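Chains as they are written, first to last, in this note's numbering: chain A, 163 to 407; chain B, 8 to 529.
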């Protein structure tokens, strides 16, 4: 069974980011990059499946510039068997990511695509769903539990409670935060990763993004609030501002 | 013959030669950087979240953390693979240690078991000793300790009175070892004792050997989360095969462990300094007075700029030295004699790095506390703990005073050229001051200051040239400080006046801004 895990290189989610002076993007000088945390959860889940079932092969893929090798090496250190870098400096929107992955999936024929529900940089929450649609595969989004047997059983947290879905293979699963807690990278894993294959290939997508980034700016600084002395004063202040009737 | 091999820049060569390149932390490979950040992640998530529990010495907590670190391969980075280690370099091991050392207490627990407790075995152990003990230590299953000091024998280590006698095929040890880090939870102690009260020798003593007891915990100023107690040996019986190295050669085990130990301690002392700078920088940007963050004020910026400069220089020195040590091990190691030579080659640089780094740590933590004002002195805030923990860095692994005697003395004994290259003001005055051959401690101490400043200035300068732009200000601010220190030391050593060179152009505000942006050293 082959599990494909797309991993995106994102700015360290804990880093304080600031927009470039001209508003064209984020200033990345001196900023660390990481695997998108949701993708890391997907990778962790795939590696756990592999640890339970040795016939599972885990392939990590990333789309982007050559620096993405850093995240793919990390994926190999965590436990992926091999990695593929679709090397491009083009800007991708979600439909393009889905299309690029579709080409790869048609070639690799994985049983499962496990990926983060969204990336912490753009927060689009689209690529997985679009990919499933393009492939016409069953999908389960926001997985909080995954059980791969003769079919995939996926538990997802919804507003009304837990929902469990059963999906035939091949299928696509996107992961939520509570699915697992990713492991620490073990140093021997990093050494082992050196001898694992990492293939680079050119992109297949020729389309261009349908959306255009107009401007990136910091949220305006919050004005200072006021302190009220009692509940009555609070209620009065809220009424005053039309928040309460 | 390994002794035929030569180093391009042997120990002490920094005074008479200027290398084209030195190793800097920027030169670690991407794999190595991944290992370093794995260590940092472990430290931040597993250690820095349980500091109060560590300081209370919660039962089983430290051994559990060591086991967890061992499972991740962190407890034997520079120990050979055949003994469960990773077989990687000492320089990388030191950088990993730096990040495992964000908290001083855990730093000691981890530093001793992953470092000095394995080093004697690695360098001088027999095949059987290594195969038996090293895998237990590299896996984190066992914790190691090192027992040299005694109630009446500290800096004067060879005056130890613990005795060993061979009786009926067993070594019988009697005496008290003091200030033994990890004593409470160690399973293996490398113990120095005198055979028949004469021949200084090293022994591998297990906690469970008969006659071995651990006294009560010392109540220390800081490092409350590290265990420190006496190891009491009362007719302690250990197998004859647990002699480490040869009878009468204990000083080689002890002092070579200390050379590398000092190198490792240098990186251990940067860890807390890094953490303190992070907290102080966040505080300075958050705390508003007179309508703006105190981070904007000139005197606060000056503090951060000086901290960054001192940290930068210490870091430049440590990892330059580590690469040299790795080179020496690559050339000489293998035989016991080769191992000894490799561990000794850069003893000067190890001592100099220890003094520089521990004094940089002290300076940085004091200034961080000052930046945080009243909060800095409150136990609820993280700096107070660092302040208490950091004090002993200048005391153990050879006091900075002993290191200051050792440096100049050893430099002369090594027979390296005293003709300074004159590649800087400090190099030039150091060359002049070294012409005085004396045993007067004050003069020797001043000469040592000059030597370590010369090494630091050269390391900081070469790194700033190699890594374009980034360290220009850190170097400039460091050299201005170092030149003044060197002038004072020169005057102490020679009694002659010396004029300071013109200061390097520096931008305090820009360097402080670099600290604020990185949330720590630059």
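By construction, the Cβ of each residue, glycine as well, lies at the ideal position given by its N, Cα and C atoms. Every value quoted in this text rests on a predicted model; they were computed, and no experiment measured them.
Range covered by the beta strand (DSSP E) that runs through residue i
i, result
"residue 361 of chain A", "360-363"
"residue 191 of chain A", "It is not in any beta strand (DSSP E) - residue 191 of chain A carries neither H nor E in the DSSP assignment."
"residue 462 of chain B", "First-last for residue 462 of chain B: 448-473, but that is the alpha helix (DSSP H), not the beta strand (DSSP E)."
"residue 184 of chain B", "177-188"
"residue 168 of chain A", "164-168"
"residue 277 of chain A", "274-278"
Cβ pair residue i, residue j closer than 7 Å
i, j, result
"residue 47 of chain B", "residue 106 of chain B", "yes"
"residue 205 of chain A", "residue 237 of chain A", "yes"
"residue 283 of chain B", "residue 372 of chain B", "yes"
"residue 147 of chain B", "residue 77 of chain B", "yes"
"residue 309 of chain A", "residue 315 of chain A", "yes"
"residue 194 of chain B", "residue 149 of chain B", "yes"
"residue 185 of chain B", "residue 142 of chain B", "no"
"residue 381 of chain B", "residue 348 of chain A", "no"
"residue 108 of chain B", "residue 314 of chain B", "no"
"residue 221 of chain A", "residue 235 of chain A", "no"
"residue 368 of chain A", "residue 278 of chain A", "no"
"residue 395 of chain B", "residue 211 of chain B", "no"
"residue 280 of chain A", "residue 334 of chain A", "no"
"residue 281 of chain B", "residue 526 of chain B", "no"
"residue 290 of chain B", "residue 379 of chain B", "yes"
"residue 431 of chain B", "residue 464 of chain B", "yes"
Extent of the continuous alpha helix (DSSP H) run through residue i
i, result
"residue 198 of chain A", "Premise fails: residue 198 of chain A is in no alpha helix (DSSP H) and is neither H nor E."
"residue 357 of chain B", "354-378"
"residue 301 of chain A", "Where residue 301 of chain A is concerned, there is no enclosing alpha helix (DSSP H), although the beta strand (DSSP E) it sits in stretches over 301-310."
"residue 275 of chain B", "257-293"
"residue 40 of chain B", "37-49"
"residue 111 of chain B", "111-118"
"residue 525 of chain B", "515-525"
"residue 243 of chain B", "Segment 235-246 is the beta strand (DSSP E) holding residue 243 of chain B; no alpha helix (DSSP H) there."
"residue 405 of chain A", "Run containing residue 405 of chain A: none; DSSP gives neither H nor E here."
"residue 324 of chain B", "305-339"
"residue 73 of chain B", "68-78"
Within-7 Å CB hit, residue i to chain A
i, result
"residue 38 of chain B", "yes"
"residue 509 of chain B", "no"
"residue 87 of chain B", "no"
"residue 96 of chain B", "no"
"residue 45 of chain B", "yes"
"residue 285 of chain B", "no"
"residue 144 of chain B", "no"
"residue 122 of chain B", "no"
"residue 41 of chain B", "yes"
"residue 196 of chain B", "no"
"residue 80 of chain B", "yes"
"residue 49 of chain B", "yes"
"residue 8 of chain B", "Residue placement at residue 8 of chain B is flagged as unreliable, the pLDDT there being 42, under the threshold of 50; the coordinate-derived value follows with that caveat. Not one chain A Cβ lies under 7 Å of residue 8 of chain B."
"residue 93 of chain B", "yes"
Chain B within 7 Å of residue i, Cβ atoms only
i, result
"residue 176 of chain A", "no"
"residue 248 of chain A", "no"
"residue 349 of chain A", "yes"
"residue 188 of chain A", "no"
"residue 203 of chain A", "no"
"residue 240 of chain A", "no"
"residue 254 of chain A", "no"
"residue 197 of chain A", "no"
"residue 352 of chain A", "yes"
Beta-bridge pairing of residue i - partner residues as DSSP gives them
i, result
"residue 300 of chain B", "B:295"
"residue 201 of chain B", "B:170 and B:207"
"residue 53 of chain B", "Paired residues: none, contrary to the question."
"residue 2 of chain B", "As shown, chain B starts at 8 and ends at 529. That puts residue 2 of chain B outside it, with no answer to give."
"residue 220 of chain B", "B:239"
"residue 433 of chain B", "In the DSSP output, where bridge partners are listed per residue, residue 433 of chain B has none listed."
"residue 333 of chain A", "A:274"
| Pairing CB atoms from the region 347-365 of chain A with CB atoms from the region 109-122 of chain B, are three or more of them under 8 Å? | no
| message | For the structure I just gave you, are there three or more beta carbon pairs, one from the region 96-110 of chain B and one from the region 244-260 of chain B, closer than 8 Å? | response | no
| query | Contact between the region 128-138 of chain B and the region 176-191 of chain B: three or more CB pairs below 8 Å? | reply | no
| query | Three or more C-beta pairs closer than 8 Å, one from the region 408-421 of chain B and one from the region 441-452 of chain B: is that the case here? | reply | yes
| query | Hey, is the region 291-299 of chain A in contact with the region 207-216 of chain A, meaning 3+ C-beta pairs nearer than 8 Å? | reply | no
| Between the region 167-182 of chain A and the region 222-231 of chain A, do at least 3 Cβ pairs fall closer than 8 Å? | yes
| said: Contact between the region 478-498 of chain B and the region 507-517 of chain B is defined here as three or more beta-carbon pairs at a separation below 8 Å; is this criterion met? | reply: yes
| message | Check whether the region 497-510 of chain B and the region 437-447 of chain B are in contact - that is, three or more C-beta pairs closer than 8 Å. | response | yes
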